[in-house]
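For the sequence shown, the residue numbers in my numbering are 19 to 268.
Glycine is no exception: its CB is placed at the ideal position from the N, C-alpha and C atoms.
First comes the structure, then the notes that go with it.
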Amino acid sequence: MNEILQVKHLKKSYENNEPVLKDIDFSLQKGEVVVIVGPSGCGKSTFLRCLNLLEPIDEGSIILNGETIDRKDKNVHQHRQKIGMVFQSYELFPHLSIMKNILLAPVKVQKRNRKEAEKEAEVLLERVGLSDKKDAFPRQLSGGQKQRVAIVRALIMHPEVLLLDEITAALDPEMVREVLQVVLKLAEDGMTMAIVTHEMEFAKAVADRVIFMDQGVIVEENRTKNFFAYPQTERAKQFLNTFHYEALEI
Ligand code: ADP
């Protein structure tokens with residue numbers, strides 16, 4: 019099996035509170051798209067943040083390409099660059115143009131040649147339909163456009179794995195689609211991704227596999243079609259039913 023990322027017995031709590039993640043085992047194959055779903059507060063975001071080494075873990079290991087990675091490791095920056103992350107809030111610098119926002123990490127952190135990185139940024143902006151925005155400032159862009167820039171900013175670092183944490187949750191409905199289409203295209207192109215989303219139709223379309231979490235544990239894991247058609251546990255059934263009712267109410 020061609021596993022890029024493996025997580026073994028991951029445990030995590032915040033400040034001596036109840037554990038938020040209780041013994042998580044997880045793996046991601048190269049080119050695979052896994053969607054993580056579950057009720058609010060069950061630990062999805064914490065899990066992604068642990069994978070990106072933004073949060074310290076209490077126990078367990080995170081293994082990238084066969085190598086255990088650790089926040090205290092001297093190579094933490096290199097490891098983190100291999101795992102890109104896009105957040106709900108785009109976190110663009112307001113005083114920098116879109117191009118400068120995108121170039122900041124490759125030029126300052128990776129010390130890449132500016133011209134070469136700029137060329138790549140142009141190609142990526144074109145790919146997400148924003149060629150004409152490179153000189154604009156974040157305030158001149160819609161939420162959906164800003165989120166597409168945030169995706170470009172992650173991609174230019176050439177991550178081996180991309181983590182997406184509720185990237186459409188703060189967007190108006192008409193902008194959700196344009197962002198999700200970019201992600202669908204990335205999946206088609208073979209990007210390895212772990213995605214947290216509440217967009218169940220999108221999950222059905224993009225995921226190879228679905229993981230259902232509740233209260234800090236992986237309750238159920240299945241191929242996408244099976245998960246939605248035949249959820250195995252009562253908790254997953256109840257969770258999916260809430261989306262059904264929401265859809266009916268609209
Ligand atoms: P989800 O993404 O599934 O909504 P989170 O990972 O955001 O869940 O949160 C899981 C639990 O951890 C929640 O009870 C939340 O309140 C708590 N939590 C999240 N971040 C922090 C933090 N920085 N400090 C303390 N508690 C936190």
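The ligand ADP heavy atom lying under 8 Å from the CB of residue i
i           : result
residue 64  : yes
residue 74  : no
residue 58  : yes
residue 38  : yes
residue 237 : no
residue 108 : no
residue 103 : no
residue 214 : yes
residue 70  : no
residue 34  : no
residue 231 : yes
residue 208 : no
residue 13  : Absent from the structure is residue 13, since the part of the chain shown begins at 19 and ends at 268.
Reduced DSSP category for residue i - H, G, I as helix; E, B as strand; rest coil
i           : result
residue 200 : helix
residue 209 : coil
residue 130 : coil
residue 268 : Confidence at residue 268 is low in this model, with a pLDDT of 47, below 50, so its placement is unreliable and the value that follows should be read with caution. Looking at residue 268 - three-state DSSP - the assignment turns out to be coil, as it is neither helix nor strand.
residue 146 : coil
residue 27  : strand
residue 275 : Given that the chain is displayed from residue 19 to residue 268, the structure contains no residue 275 and the question cannot be resolved.
residue 260 : helix
residue 169 : helix
residue 122 : helix
residue 21  : strand
residue 175 : coil
Inter-residue CB distance, residue i and residue j (contact presumed, cutoff 8 Å)
i           : j           : result
residue 23  : residue 82  : 6 Å
residue 232 : residue 60  : 5 Å
residue 179 : residue 120 : Wrong, their Cβ atoms sit about 20 Å apart, outside the cutoff.
Test item: CB-CB of residue i and residue j under 9 Å
i           : j           : result
residue 210 : residue 197 : no
residue 102 : residue 218 : no
residue 213 : residue 52  : yes
residue 132 : residue 125 : yes
residue 201 : residue 145 : no
residue 251 : residue 226 : no
Check: residue i C-beta below 8 Å from any heavy atom of the ligand SAM
i          : result
residue 78 : Absence of the ligand SAM from the depicted structure is noted, with the ligand ADP being the only ligands included.
Within-9 Å CB hit, residue i to chain D
i          : result
residue 37 : The chain labelled as chain D is not found in the depicted structure, where only one protein chain is given.
Which ranges would you report for the alpha helix (DSSP H) in the segment 29–86 if only whole runs of at least 4 residues count? 62–69
Runs of beta strand (DSSP E) wholly within the segment 212–243 (minimum 3 residues, chain order): 227–232 and 235–241
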